[in-house]
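Going down the list, the sequences are from chains W and F.
The first sequence begins at 1 in UniProt numbering and counts up one residue at a time.
The second sequence begins at 1 in UniProt numbering and counts up one residue at a time.
Where a beta carbon is used, it is the ideal one built from N, C-alpha and C, also for glycine.
Note that the structure is predicted; figures quoted are calculated from it, not measured.
What follows is a set of notes on a single structure, which appears directly below.
There are 2 protein chains.
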Amino acid sequence: MKLIDKINQKVKEGKTFFSFEFFPPRTEEGVENLFERLERMVTYAPVFCDITWGAGGSTADVTLDIAARMQNQICVETMMHLTCTNMQIEKLESALKEVKKMGVRNILALRGDPPKGQDKFEAVEGGFSCALDLVKKEHGDYFGICVAGYPEAHPDGIVDDPEQMQKNYWADIAYLKEKVEAGGDLIITQLFYDVERFLQFVKDCRSVGINCPILPGIMPIMTYGGFKRMTGFCKTKVPAELDAALEAIKDNDEAVKNFGIDLGVKMCRQLLDAGTPGVHLYTLNLERSALAILERLGMVDPAKIPRPLPWRHVPAGTSRSVEGVRPVFWSNRPKAYLKRTQDWDSYPSGRWGNSRSPAYGTLSDYQFMRRHTSSDARKEKARAAWGATLSGVEDVQEVFVKYVKGEVTMLPWSEMEGGCAAETAAIKEPLTQLNASGFLTINSQPRINGLPSTDATHGWGGANGYVYGKAYVEFFCSPASWASLRARLDAAPSVSYLATTAAGPTEGNMEADGVNALTWGVFPGKEVIQPTVVCPASFAVWKDEAFELWLSEWANLYEEGSESRAVLQAIHDTWVLVSVVDNDYVAGDLFKTLLA
Amino acid sequence: MKLIDKINQKVKEGKTFFSFEFFPPRTEEGVENLFERLERMVTYAPVFCDITWGAGGSTADVTLDIAARMQNQICVETMMHLTCTNMQIEKLESALKEVKKMGVRNILALRGDPPKGQDKFEAVEGGFSCALDLVKKEHGDYFGICVAGYPEAHPDGIVDDPEQMQKNYWADIAYLKEKVEAGGDLIITQLFYDVERFLQFVKDCRSVGINCPILPGIMPIMTYGGFKRMTGFCKTKVPAELDAALEAIKDNDEAVKNFGIDLGVKMCRQLLDAGTPGVHLYTLNLERSALAILERLGMVDPAKIPRPLPWRHVPAGTSRSVEGVRPVFWSNRPKAYLKRTQDWDSYPSGRWGNSRSPAYGTLSDYQFMRRHTSSDARKEKARAAWGATLSGVEDVQEVFVKYVKGEVTMLPWSEMEGGCAAETAAIKEPLTQLNASGFLTINSQPRINGLPSTDATHGWGGANGYVYGKAYVEFFCSPASWASLRARLDAAPSVSYLATTAAGPTEGNMEADGVNALTWGVFPGKEVIQPTVVCPASFAVWKDEAFELWLSEWANLYEEGSESRAVLQAIHDTWVLVSVVDNDYVAGDLFKTLLA
Chain W
1 MKLIDKINQK VKEGKTFFSF EFFPPRTEEG VENLFERLER MVTYAPVFCD ITWGAGGSTA
61 DVTLDIAARM QNQICVETMM HLTCTNMQIE KLESALKEVK KMGVRNILAL RGDPPKGQDK
121 FEAVEGGFSC ALDLVKKEHG DYFGICVAGY PEAHPDGIVD DPEQMQKNYW ADIAYLKEKV
181 EAGGDLIITQ LFYDVERFLQ FVKDCRSVGI NCPILPGIMP IMTYGGFKRM TGFCKTKVPA
241 ELDAALEAIK DNDEAVKNFG IDLGVKMCRQ LLDAGTPGVH LYTLNLERSA LAILERLGMV
301 DPAKIPRPLP WRHVPAGTSR SVEGVRPVFW SNRPKAYLKR TQDWDSYPSG RWGNSRSPAY
361 GTLSDYQFMR RHTSSDARKE KARAAWGATL SGVEDVQEVF VKYVKGEVTM LPWSEMEGGC
421 AAETAAIKEP LTQLNASGFL TINSQPRING LPSTDATHGW GGANGYVYGK AYVEFFCSPA
481 SWASLRARLD AAPSVSYLAT TAAGPTEGNM EADGVNALTW GVFPGKEVIQ PTVVCPASFA
541 VWKDEAFELW LSEWANLYEE GSESRAVLQA IHDTWVLVSV VDNDYVAGDL FKTLLA
Chain F
1 MKLIDKINQK VKEGKTFFSF EFFPPRTEEG VENLFERLER MVTYAPVFCD ITWGAGGSTA
61 DVTLDIAARM QNQICVETMM HLTCTNMQIE KLESALKEVK KMGVRNILAL RGDPPKGQDK
121 FEAVEGGFSC ALDLVKKEHG DYFGICVAGY PEAHPDGIVD DPEQMQKNYW ADIAYLKEKV
181 EAGGDLIITQ LFYDVERFLQ FVKDCRSVGI NCPILPGIMP IMTYGGFKRM TGFCKTKVPA
241 ELDAALEAIK DNDEAVKNFG IDLGVKMCRQ LLDAGTPGVH LYTLNLERSA LAILERLGMV
301 DPAKIPRPLP WRHVPAGTSR SVEGVRPVFW SNRPKAYLKR TQDWDSYPSG RWGNSRSPAY
361 GTLSDYQFMR RHTSSDARKE KARAAWGATL SGVEDVQEVF VKYVKGEVTM LPWSEMEGGC
421 AAETAAIKEP LTQLNASGFL TINSQPRING LPSTDATHGW GGANGYVYGK AYVEFFCSPA
481 SWASLRARLD AAPSVSYLAT TAAGPTEGNM EADGVNALTW GVFPGKEVIQ PTVVCPASFA
541 VWKDEAFELW LSEWANLYEE GSESRAVLQA IHDTWVLVSV VDNDYVAGDL FKTLLA
């Protein structure tokens with residue numbers, strides 16, 4: 001979706017908003033860290049995130065890759081910067097084609113900062129002085145285009161002579177007007193620390209007929225050195241009292257950071273009070289300051305952010321945004337699911353039956369596949385969580401019990417750290433008992449019978465609806481435990497189950513082509529939405545992944561030939577993976593059946 | 001679906017079953033009467049119905065047409081007889097192609113009775129001695145094939161010489177075995193009145209290796225004359241005590257009929273007790289005796305017949321059987337809906353959004369379009385129900401009030417006679433008030449919040465599920481009434497509505513491409529099923545039909561230029577058609593809003 005449409009919607013609803021800016025890290029580890037951070041920050045519901053374009057073009061491919069993953073894996077509306085600096089036209093063109101293919105619909109069209117070692121921008125031969133022309137020429141109205149505004153004039157035009165400076169400032173505004181007339185539908189400004197200057201800039205823009213939204217670029221001060229470098233590079237005006245206050249605390253890093261947060265809150269409040277529709281935060285790839293400012297402003301409360309679906313919905317405008325159903329198995333591994341289904345031509349929309357026989361892809365090049373074991377540091381962290389050594393099944397069981405209790409916050413079957421989902425709080429007690437009895441749970445949800453769709457924990461899908469869910473538990477257990485449980489399940493009238501060992505085959509009491517709705521919601525003026533389902537065809541794919549994680553994520557932490565490895569290998573080889581649904585979401589008691 | 005599969009399923013479930021046979025009426029009025037009867041009889045859930053082939057081929061086209069409509073409009077699994085008598089091969093071939101195209105999957109392959117004036121069958125040149133060969137040769141396994149069995153030998157072989165008779169009997173059984181081996185998978189027998197004879201026939205069939213189900217053909221005695229003619233024509237053995245008992249009452253038509261029912265009950269009970277899986281009733285196109293027998297046997301209770309969907313579901317095996325959603329507007333005019341959608345390539349399956357922009361066909365050649373006015377007798381009946389004359393809107397209103405109260409049993413907006421649907425009993429009071437206040441209701445359903453799916457009145461879809469529905473009312477009202485109601489609806493938080501005059505356009509508070517689920521059900525191991533919806537696109541089509549019925553069905557009853565016509569024409573021209581949904585199916589009170 002184009003940002004201007006999202007922003008106009010927010011304005012129409014009378015809601016202020018915020019957005020985050022990131023830059024492409026220089027190392028692979030850095031990229032991985034950025035995505036961890038994005039995962040967390042996106043839960044605060046920024047109206048969009050943008051990723052800058054590495055100066056000099058060396059990081060072009062990284063930028064493209066990050067933008068595509070932000071849009072499709074992190075599932076946040078993404079804007080990619082596109083800069084002409086030292087870029088050849090062919091490169092720009094292929095970049096645009098690439099992001100278009102990945103469903104990114106927003107471009108920040110820049111002339112670009114001069115590369116290191118140059119003070120001024122020079123167009124390269126065959127390059128463009130402004131990316132905007134290229135975007136419009138080749139892609140018409142497909143992309144939403146954002147352009148840069150300079151409340152203090154472009155750094156190139158910031159000179160000592162006040163008269164010349166005024167000329168340059170108005171020349172920039174005239175140029176900005178040209179850019180807007182050429183198709184720019186949104187303006188984000190250069191960073192500033194003088195709120196009055198920004199407000200005057202907006203007035204000046206309006207005075208010449210620039211009518212699109214103008215978002216202030218806010219860069220929280222995080223370190224004294226960084227602040228000095230950045231304001232020097234951008235020739236940013238620093239109000240005298242700000243300068244004095246910072247000088248006084250410049251040797252106290254913590255004080256500078258807190259000062260930066262205080263200042264950010266003050267600036268944003270002043271901007272929003274003056275009618276600015278939203279704020280754009282230059283995060284410098286860090287989360288603490290940006291989130292602290294938003295929290296203090298009362299603009300974020302993850303517990304109150306409405307979820308359009310129980311899982312994170314892909315932003316509108318991509319082919320994937322029509323996706324309305326997923327199998328429950330991957331609910332703790334959404335990125336693995338997105339990866340495995342990325343080549344599907346169409347996604348199930350409303351009913352799983354619509355794409356009943358999709359071919360799941362492999363995870364061979366799934367970048368997050370080894371995430372708990374992807375570096376020595378991570379391995380160390382995982383061993384700390386799951387045991388330096390394991391001498392038997394009891395030690396494994398202990399890890400699961402601790403996970404349910406919140407004493408351990410990661411498991412091989414969950415991509416995210418942070419422990420069990422909030423939805424499972426209501427069933428923490430029986431889950432603990434189950435795990436203590438040797439049923440090692442990796443996925444679960446409680447029975448939900450018509451809660452308001454705005455319920456803080458279980459709600460999703462917007463206001464005035466009712467949400468439902470069948471109780472669900474998925475676990476590994478020993479063959480002996482399974483034999484006795486199975487008899488109980490067969491005797492339970494309302495239970496559907498699927499079970500298999502690593503070697504297969506799947507057994508159970510579902511139709512082979514059955515699809516069981518697990519979560520659904522009823523909303524005014526809409527068809528019934530049923531976002532998560534259980535189906536045997538998907539379970540057959542999932543079980544390979546689920547068993548494999550015992551080895552790749554956990555056993556690999558230990559030396560070859562060690563007892564710890566042997567314990568996990570034995571579980572992998574002989575235990576049973578079981579998926580159980582209680583269809584009676586009105587009066588059923590799944591845990592009573594399981595724990596009987 | 002092939003009958004043998006349906007029958008095997010019943011046998012597997014340990015359920016006995018019944019089926020009805022009809023013949024093609026000779027007049028158009030007769031055909032219309034037959035369909036009225038079929039409508040009623042099919043609600044008793046016969047496992048199938050069959051239609052015989054007119055001897056001599058003169059009624060071939062009628063037979064084809066009736067079979068197609070039974071399968072696709074009446075929505076009952078249909079078997080068509082195919083007889084070689086005086087039929088040319090081209091005619092048989094085109095008949096098979098035709099019924100195949102219409103989704104009929106079952107053929108009773110017969111040699112055929114001799115046409116009138118002939119005593120014995122003679123194959124015509126280019127004809128076939130048995131239709132079975134043709135079916136298998138041209139269509140492989142597409143059709144399920146039923147063949148005829150003769151418990152007393154074929155009439156041609158019924159002779160006085162007992163030894164010859166035995167020979168003929170066994171020759172017929174040998175021929176029957178050939179037919180089964182050639183692809184017949186089900187046997188229905190000639191009528192008989194000697195149950196022991198039938199049971200012996202089954203034993204004899206089994207003794208030579210005929211293992212398929214054998215259904216007894218039961219013809220209830222309805223009139224003395226008819227009984228005599230039929231048993232004479234078929235050379236049926238009539239047990240002496242039956243003959244004596246009938247002779248004693250032959251001049252009392254009512255006594256004969258009741259005797260026939262008693263005898264039918266006795267015969268069927270004896271057959272079922274002996275292990276016969278089901279009974280096939282020769283109805284002679286009449287319903288009373290057949291239904292009475294089944295009721296006395298405890299085999300039918302319309303109130304307890306599980307409905308697979310809230311509307312009558314098209315039998316499996318036709319392209320239409322995947323249909324899982326319909327707009328609510330046509331719920332009292334299902335045949336009009338089937339007619340208008342007969343050319344759709346695919347039907348919405350589970351979600352209306354799947355076929356969001358279907359093009360509705362016209363009703364120009366819809367045979368039932370004028371049903372309340374299709375003959376002078378019907379017009380008379382309609383005038384009796386709706387008034388010999390109308391002197392104002394009050395008289396019209398009175399008709400609607402009486403309809404809701406059950407004092408009038410037909411309305412122009414309902415194809416079926418018999419008054420309001422049982423589902424509306426719960427809202428009879430407020431519906432009466434609404435109509436008395438000038439809101440003339442033509443469709444409605446109460447709010448249903450999770451009733452068991454086996455609920456006698458509201459249940460559908462099978463056992464162990466829960467069904468839901470949003471309160472719905474559709475009505476005509478005067479422009480003044482609408483103006484004041486509209487303000488109340490706009491103030492009601494949970495109400496969706498659509499409204500239009502005959503001239504349009506449609507107004508309301510729904511998204512133009514919105515689809516509102518009105519009825520849905522949640523079942524074990526299944527996705528949520530949502531069979532009825534409201535959508536503005538369908539409403540735009542429906543409203544033309546709804547307004548037009550004021551004129552074609554009602555105003556046409558009266559003389560041109562009459563006051564009665566003027567009253568109805570004025571309503572047609574100026575009143576508003578309104579469709580209202582209360583989305584709060586948990587706690588809403590739609591009638592309070594409407595009647596406030």
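Q) How do the segment 325–332 of chain W and the segment 406–424 of chain W stand: do at least 3 beta-carbon pairs fall below 8 angstroms, yes or no? A) yes
Q: Taking W:PRO524 as the query, report the chain F residues whose CB atoms sit under 7 angstroms from its CB, ordered along the chain.
A: SER494, SER496 and ASN583
Q) Which residues, in chain order, does the segment 584–595 of chain W contribute to contact with chain F at a C-beta distance below 9 angstroms? A) ASP584, TYR585 and VAL586
Q. What residue does the beta strand (DSSP E) around F:VAL180 start on, and which one ends it?
A. Element bounds for F:VAL180: not the beta strand (DSSP E) but the alpha helix (DSSP H), 162–181.
Q) Straight-line CA distance for F:THR52 to F:HIS81? A) 5 angstroms
Q. Along the segment 503–520 of chain F, what residues have a CB closer than 9 angstroms to any CB found in chain W?
A. ASN509, MET510, GLU511, GLY514, VAL515, ASN516, ALA517 and TRP520
Q: Would you mind sorting W:ARG288 into buried or exposed? The rule is 16 or more other CB atoms within 10 Å of its CB.
A: exposed
Q: Taking C-beta pairs closer than 9 angstroms, name the residues in chain W that F:TRP352 reaches, listed in chain order.
A: GLU527
Q) In three-state DSSP terms, what is F:LEU390? A) coil
Q | DSSP-derived helix/strand/coil call for F:ILE89 | A | helix
Q. Using CA coordinates, which residue listed in F:GLU559, F:PHE539 and F:LYS470 is at the minimum distance from W:VAL522?
A. F:LYS470
Q.
When you compare the segment 286–301 of chain W with the segment 63–75 of chain W, are there three or more beta-carbon pairs, one atom per stretch, that lie closer than 8 angstroms?
A. no
(Q) So, for W:PRO239: in the same chain, excluding its five sequence neighbours on each side, which residues have a beta-carbon less than 7 angstroms away from its beta-carbon? (A) TYR193 and ASP194
Q. What residues in its chain sit with their C-beta under 6 angstroms from that of W:SER437, if we drop five residues either side in the sequence?
A. none
Q. Does the beta carbon of F:GLN530 sit closer than 7 angstroms to a beta carbon anywhere in chain W?
A. yes
Q.
Nearest by alpha-carbon distance to W:ALA60: which of W:LEU38, W:GLN71, W:GLU29 and W:SER94 is it?
A. W:SER94
Q) Using a C-beta to C-beta distance shorter than 7 angstroms, which residues of chain F count as neighbours of W:GLY450? A) VAL586
Q) Name the chain F residues whose beta carbon is nearer than 8 angstroms to that of W:ASN168? A) In chain order: nothing, as chain F lies at least about 49 angstroms away.
**Q.** Cβ neighbours of W:ASN168 in the same chain (closer than 6 angstroms, five flanking residues each side left out)
**A.** ALA153 and GLY157
Q: Compute the Euclidean distance between the alpha carbons of W:THR283 and W:LEU191, then round it to the nearest angstrom.
A: 12 angstroms
Q.
Assuming residue 625 of chain W is part of the beta strand (DSSP E), what are its boundary residues?
A. The structure shown does not extend to residue 625 of chain W, since chain W is modelled only from 1 to 596, so the question has no answer here.
Q) Starting from F:GLY260 and walking both ways along the alpha helix (DSSP H), at which residues does that stretch end? A) 253–273
Q: Report the neighbours of F:TYR466 on chain W: residues whose CB is nearer than 7 angstroms to its CB, in chain order.
A: VAL586
Q: Examine the Cβ distances between the segment 480–493 of chain W and the segment 524–540 of chain W and report whether three or more of them are shorter than 8 angstroms.
A: no
Q) Just the Cα atoms here: how many angstroms apart are F:VAL76 and F:MET70? A) 6 angstroms
(Q) Under DSSP, the beta strand (DSSP E) around F:PRO452 begins and ends at which residues? (A) 448–452
Q) Sorted by chain position, which residues of the same chain lie with C-beta nearer than 7 angstroms to F:ALA555's C-beta, five sequence neighbours on each side aside? A) ARG565, LEU568 and GLN569
**Q.** Through-space distance from W:ILE218 to W:ASP277, alpha-carbon basis
**A.** Per the sequence shown, residue 277 of chain W should be read as Pro rather than Asp. Taking the straight line joining both Cα atoms gives about 14 angstroms.
Q) Taking buried to mean at least 16 other C-beta atoms within 10 Å of its own C-beta, is W:ASN211 buried or exposed? A) exposed
Q) What is the DSSP secondary structure of W:GLN190, counted as helix, strand or coil? A) strand
Q. Does the segment 404–419 of chain F touch the segment 448–455 of chain F, meaning 3 or more C-beta pairs lie closer than 8 angstroms?
A. no
Q) Along chain W, which residues have their Cβ under 7 angstroms away from the Cβ of residue 672 of chain F? A) What the structure shows of chain F is the stretch from 1 to 596, and residue 672 of chain F is not part of that stretch, so it cannot be assessed.
(Q) What does DSSP give as the partner residue(s) for F:LEU246 in the beta ladder? (A) According to DSSP, F:LEU246 bridges with nothing at all.
Q: Drop a sphere of 10 angstroms on the beta-carbon of W:GLU125, count the other beta-carbons inside from all chains shown, and report buried for 16 or more, exposed for fewer.
A: Caution applies to W:GLU125, whose pLDDT of 46 falls short of 50 and renders its modelled position unreliable; the model cannot decide the point.
Q. Would you say W:ALA123 faces chain F, with C-beta separation under 7 angstroms as the test?
A. Its pLDDT being 46, under 50, W:ALA123 is placed unreliably in this model, and the value from its coordinates should be taken loosely. Chain F contact via Cβ: absent.
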